[in-house]
Structure formats: C-alpha cells, structure tokens
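A.B. asks: Here the protein sequences line up with chains V and Z, keeping their order. The first sequence begins at 1 in the numbering used here and counts up one residue at a time. The second sequence begins at 1001 in the numbering used here and counts up one residue at a time. Ideal placement from N, C-alpha and C gives every residue a C-beta, glycine not left out.
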Amino acid sequence: MTVWVAIAALAVINFMIKAAGPALLGDRPLPPLVSLVVHSLAPALLAGLLIVQVLGQGWREFDWTLLAGLSVIGVLWLLGRSQILCILAGVVVTVIIRALV
Amino acid sequence: MSRSGSAPEYGWRPGLRVGVGLGLAVFPVAVSFGALSTTLGWPPLATIICSAVVFSAGGQLALLTTLTGGSGLLLALGAATLINLRFLPMGVSVAASLEGPAWKRALGAQTILDGSWAAAYQGGGRYDRLTMFGASAVQWPVWILGTVVGVVAAPAPELVESLGLDVVFPGFFLVLLLDSFRSTPRAPLIAGTAILLTGGLVLVAPTGVAVMLSSLAAFVVLIGRDRRDPGGPHVQESQ
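1) Between which two residues does the alpha helix (DSSP H) holding Q83 (chain V) run?
2) For the region 1183-1195 of chain Z against the region 1121-1139 of chain Z, are there 3 or more C-beta pairs whose distance is under 8 Å?
3) Quick one: what does DSSP say G1125 (chain Z) is sitting in, helix, strand or coil?
4) Determine, using beta carbons only, whether L49 (chain V) comes closer than 8 Å to chain Z.
5) Mind listing the chain V neighbours of V1168 (chain Z)? Cutoff is C-beta to C-beta under 7 Å, in chain order.
6) Quick one: measure Cβ to Cβ for Q57 (chain V) and P1206 (chain Z), integer angstroms, because I've assumed they're closer than 8 Å.
7) Applying the criterion that 16 or more other CB atoms from any shown protein chain within 10 Å of the CB defines a buried residue, is L100 (chain V) buried or exposed?
8) Run through the region 1049-1130 of chain Z for me and flag every whole beta strand (DSSP E) of 3 or more residues, listed as ranges in chain order.
9) Hey, would you say A44 (chain V) sits closer than 8 Å to A1118 (chain Z), going by beta carbons?
10) Alpha carbon to alpha carbon, how far is L1024 (chain Z) from G1059 (chain Z)? Give it in angstroms, no decimals.
11) Does the region 1028-1041 of chain Z come into contact with the region 1063-1070 of chain Z, if we say contact requires no fewer than three beta-carbon pairs (one atom in each stretch) closer than 8 Å?
12) Could you check where the alpha helix (DSSP H) with I1223 (chain Z) kicks off and where it finishes?
13) Would you list, in chain order, the members of the region 1190-1201 of chain Z that have their beta-carbon closer than 7 Å to a beta-carbon of chain V?
14) By a C-beta neighbour count over all protein chains shown, 10 Å radius and 16 as the cutoff for buried, is A1030 (chain Z) buried or exposed?
15) Would you mind sorting I948 (chain Z) into buried or exposed? The rule is 16 or more other CB atoms within 10 Å of its CB.
16) Have a look at I73 (chain V) and T65 (chain V) and give me their C-alpha separation to the nearest angstrom.
17) 8 Å is my cut-off, CB to CB: does V1026 (chain Z) come that close to chain V?
18) For F1027 (chain Z), does the count of other Cβ atoms within 10 angstroms reach 16, so buried, or fall short, so exposed?
19) Just how far apart, CA to CA, sit V1211 (chain Z) and F1087 (chain Z)?
20) Excluding the five sequence neighbours on either side, which residues of its own chain have a C-beta within less than 6 Å of the C-beta of S1215 (chain Z), listed in chain order?
21) Is V1020 (chain Z) a contact residue of the ligand SAH, with contact defined as CB to any heavy atom under 7 Å?
22) Just the C-alpha distance for S1097 (chain Z) and V1204 (chain Z), rounded to the nearest angstrom, thanks.
23) My output table needs one value for E1161 (chain Z): the three-state DSSP class, helix, strand or coil.
24) Starting from R1182 (chain Z), follow the alpha helix (DSSP H) in both directions and report where the run begins and ends.
25) Within this structure, are the beta carbons of S1180 (chain Z) and Y1127 (chain Z) separated by less than 8 Å?
26) Indicate whether the contact test is met: 3 or more Cβ pairs, each with one atom in the region 7-19 of chain V and one in the region 1047-1063 of chain Z, closer than 8 Å.
27) Answer with buried or exposed for I1223 (chain Z), where buried requires no fewer than 16 other C-beta atoms within 10 angstroms of its C-beta.
28) Please check if any C-beta of chain Z sits within less than 8 Å of the C-beta of W77 (chain V).
29) What separation, rounded to the nearest whole angstrom, lies between the Cα atoms of L1201 (chain Z) and L49 (chain V)?
30) One question on the structure: do I1190 (chain Z) and S40 (chain V) come within less than 8 Å of each other, judged by their Cβ atoms?
31) Only counting the same chain, and skipping five residues up and downstream in sequence, which positions put a Cβ closer than 8 Å to that of R1105 (chain Z)?
32) Do the CB positions of L1016 (chain Z) and G1171 (chain Z) come within less than 8 Å of each other?
33) Locate the alpha helix (DSSP H) running through Q53 (chain V), then write down its first and last residues.
34) For A1153 (chain Z), count neighbouring C-beta atoms within 10 Å of its own C-beta (all shown protein chains included) and say buried if the count is 16 or more, exposed if not.
35) Report the residue from V:M16, V:A68, V:V75, V:V3 whose alpha carbon sits nearest the alpha carbon of G1091 (chain Z).
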C-alpha cells in the first residue's frame, strides 16, 4: 500500500514542480534584470546537467573514456559538424577505447 | 537538430527526431529501473505505473531505493522531490514560450525533461515548445516499454556501457552548451561557474539538488551590470 501512495504522491509533486513556473508566471514580461537571469539559466543548467552526467554522485561515476568521447564531440563541434555526427562520433570513439583498454 | 553545422530546426518533426536519439539512451535506463524494482520487491504493475505517471529516472530511482532501503514514506518522497526540483528553474525558463491559459501551460510543462528541454532551447532565452513536446512524446512510451522489458527480463547493466549509450546524454548536453555560447551573453563565464559549483555540490548533495543549484550560476550575468540599463542590447540578442 505504501508503494502505491508513494507513487501517487510523487506523481502529484512532480506535476506541481513542472507546472509552477509556467502556470504562475504565464507570459507576463519579466523585469529586465530577472529576464536577463532567466535567459542565462540555459547555459547554467546545461553545464550542471553535463557535470552530473560525467561525475555522478560523489564523483563515483567518473570515467576517463567518457571524457575522451566528449573531447571528440567538442572538437567536431568546433569544426562545425552536425550535432548528430558529433554525438555519434563520441559514442564510437568511447566504445573503441573501452574495447582496447 | 543540427545547430552547429547547419540552420537550426525546430518543431514537431525535429523534436520527434531528437526524441528517437534520446529514447535510445533512456531505454536501457528504464530497463534498469524495471529490473531493479522487481529485484527489490515492488509489484510489477506498480513499477510500470510509476514509470507512466512519474516519468523521471532520478526521482523514480530515489523513491525506489530509499523506500526499499527502509526509509519512511516522507523521507523517500523528500529524496525524490529533491532530485526533481531541477525542473523548477527549467519550468521558469520555458514559461514565456508556452501558450494558452494557466492549465494549458501547466500541462505543456509536463513535457519538460532534461533532454527535451535542452533540445528546445533556441538561444536568447527562447524555447520551442513543439520541439520539446515532440522529443518527450517519443521518450514517454520508450520509458514505459523499457520498464516493462526490465520487469519481464532483466539484462546485464554492463550492456549500456559497452554500447557507449552513456555518452549520448552528456554529449547532447555538451553540444547544446557549446551552442549556447553563441547565443547567450557571458555564457562561457556562466557555464564555468556552474561547472565549479556543480562539481563541488555533487560531493555533498544529491545530483538533483546539484543540478537545481547550478542554476544559481546564471546570476553571474549581473556582475558589473549597470542597474539603470540592466538589459541593454543583450536581452534581445539571439542566435
């Protein structure tokens, strides 16, 4: 029974967390300073998501082969390659390195 | 969605295409959740329903492991909520890009997932809601299907690593982060601050909390800015 209550409660909480910003803010124009910060959320959160994926909780998931794959992705991005190609190359390089070491 | 090499594409179709790539990455995670959940004694139906109504890998895993680890209901919900709090600043960031009355915006915001939200970013603080909808529309059934597969037949967790699927999400976040350098003022400074902040936080806090607090790095954009002209030309700047 606890499992079902927990799942239902988490579903409701999750809904409210996601809905809060759009439902309360709407499309009201934000003050310029707030707008500037909101516009800057994307690089901040993307960097946060990237680091969490690379390091994991307590840095326990750090894997240098993943870093090698990400480096390839970064270099190909600098060379102007498409997003899909960058990621695909990163995956292939990581798989090859893991197979070799 | 090839923003670095060609013109940006947004809308339902590009969103669906991104969703296929992200779906390939989330599928093994969903399988892992289904398998672990069954091993830890959750009823199969509850596991599948959980994936359908919560649809959040971090939150679901936190709930499962804390609840089956002996924690009470409130502690388990607290842990899962902390993981999912990162969706709060994401919701704020897409608020102006969603349309219609409050209830419709609230429903649209349910498609906010890490990958979908990132794919919808157009630069200059704008997001394409259709891209986000499309990317999430693919991932949701894939997430449920993966959970079912995990419940029925648990594959070895090493499979994800050997196929290199763990590169897809960080790789995706990396190219979008690099793209944002072209469209957001002071993005490298913001990203550098977020990297240092998050790198330290994951040592002492759950990953969901670390991601949520990484949003604080956005405030560095205010450093040295004239209060009388806070936005200047930068607020309107776009890709």
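C.D. replies: Concretely, from the data shown:
1) Secondary structure note for Q83 (chain V): its alpha helix (DSSP H) is the uninterrupted segment 83-100.
2) A contact exists between the region 1183-1195 of chain Z and the region 1121-1139 of chain Z.
3) Three-state result, G1125 (chain Z): coil.
4) Interface criterion met: the Cβ of L49 (chain V) is under 8 Å from a Cβ in chain Z.
5) Chain V residues near V1168 (chain Z): I87, V91.
6) A Cβ-Cβ distance of about 7 Å is found for the pair Q57 (chain V) and P1206 (chain Z), placing them in contact under the 8 Å criterion.
7) Its Cβ having fewer than 16 others within 10 Å, L100 (chain V) is exposed.
8) For the region 1049-1130 of chain Z, whole beta strand (DSSP E) runs of length 3 or above, ordered along the chain, are 1121-1123.
9) In this structure, A44 (chain V) keeps its C-beta atom at 8 Å or more from the C-beta atom of A1118 (chain Z).
10) Cα-Cα distance, rounded: 20 Å.
11) Yes: the two stretches touch, three or more of their Cβ pairs being nearer than 8 Å.
12) Boundaries for I1223 (chain Z): no alpha helix (DSSP H) harbours it, and the DSSP string shows neither H nor E there.
13) So the close ones are I1190, A1191, A1194, I1195, T1198, G1199.
14) Per the 10 Å Cβ criterion, buried.
15) Since the first residue shown for chain Z is 1001 and the last is 1239, residue 948 (chain Z) is missing from the structure and cannot be characterised.
16) Annotation: I73 (chain V) to T65 (chain V) spans about 13 Å, alpha carbon to alpha carbon.
17) For V1026 (chain Z), the answer is no, since every Cβ of chain V falls outside 8 Å of its Cβ.
18) Classification for F1027 (chain Z): buried.
19) Near 9 Å, if we compare the C-alpha coordinates of F1087 (chain Z) and V1211 (chain Z).
20) P1089, listed in sequence order.
21) Judged by which ligands are present, the structure shown has none, so any question about the ligand SAH falls away.
22) If I take the Cα positions, the gap works out to 34 Å.
23) Correct three-state label for E1161 (chain Z): helix.
24) Run containing R1182 (chain Z): 1168-1183, per the alpha helix (DSSP H) assignment.
25) For S1180 (chain Z) and Y1127 (chain Z), no; Cβs fall outside 8 Å.
26) The answer is yes - the region 1047-1063 of chain Z touches the region 7-19 of chain V, with three or more Cβ pairs under 8 Å.
27) Under this definition I1223 (chain Z) is an exposed residue.
28) Yes, its Cβ sits closer than 8 Å to a Cβ of chain Z.
29) Each residue's alpha carbon lies about 12 Å from the other.
30) Against a cut-off of 8 Å, the Cβ pair of S40 (chain V) and I1190 (chain Z) comes out as a contact.
31) Annotation for R1105 (chain Z): A1095, L1098, E1099 place their beta carbon closer than 8 Å to its own, counting only its chain and skipping 5 residues before and after.
32) Annotated as distal: L1016 (chain Z) and G1171 (chain Z), with beta-carbon spacing of 8 Å or more.
33) That run of the alpha helix (DSSP H) goes 41-55.
34) Taking all protein chains shown into account, A1153 (chain Z) has fewer than 16 neighbouring C-beta atoms within 10 Å of its C-beta and is therefore exposed.
35) Closest option to G1091 (chain Z), Cα to Cα, is V:M16.
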